[in-house]
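Asker: Residue numbers (the numbering used here): 2 to 83. Cβ atoms here follow ideal geometry from the backbone N, Cα and C, with glycine treated the same way. Computed from a predicted model, the values in this text were never measured in an experiment. Mind having a look at this structure? Questions to follow.
Structure representation (structure tokens):
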């Protein structure tokens with residue numbers, strides 16, 4: 002079965018679990034890509050409603066800023082993956 006077919010079942014998952022998984026996505030390198038796919042599939046609509054393309058662009062920018070915030074104090078160059 003595909004994720005798209007199983008998507009309606011996501012409503013049965015505890016909100017705490019959804020929040021934990023969102024935290025993993027947000028903190029992961031290039032997490033915006035995975036979050037964008039989840040939004041495109043409608044997986045997060047019960048909790049986030051609809052998300053605009055502009056909001057996804059803002060999320061990508063936030064991902065880049067967080068990457069800089071993590072590596073800059075270490076004297077490293079960030080790697081940003083599109």
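What would DSSP say about residue 37, mapped onto helix, strand or coil?
Answerer: helix
Asker: Output the distance between the C-alpha atoms of residue 24 and residue 33, rounded to the nearest integer angstrom.
Answerer: For residue 24 and residue 33, the distance between alpha carbons rounds to 11 Å.
Asker: Contact check, residue 36 vs residue 63 under 8 Å by CB: the rounded distance?
Answerer: Their Cβ separation, rounded to whole angstroms, is 10 Å, which puts residue 36 and residue 63 out of contact at 8 Å.
Asker: Measure the Cβ-Cβ separation of residue 44 and residue 8 and say whether it is below 8 Å.
Answerer: yes
Asker: Do you know offhand how far residue 31's Cα is from residue 16's?
Answerer: 23 Å
Asker: Quick one: give me the first and last residue of the alpha helix (DSSP H) that residue 9 is part of.
Answerer: Segment: none, residue 9 is in no alpha helix (DSSP H) and carries neither H nor E.
Asker: Does the separation of the CB atoms of residue 47 and residue 10 fall below 8 Å?
Answerer: Contact: no.
Asker: Which same chain residues, not among the five before or five after residue 42, have their C-beta less than 7 Å away from its C-beta?
Answerer: Only 4, 5 and 8 meet the Cβ criterion.
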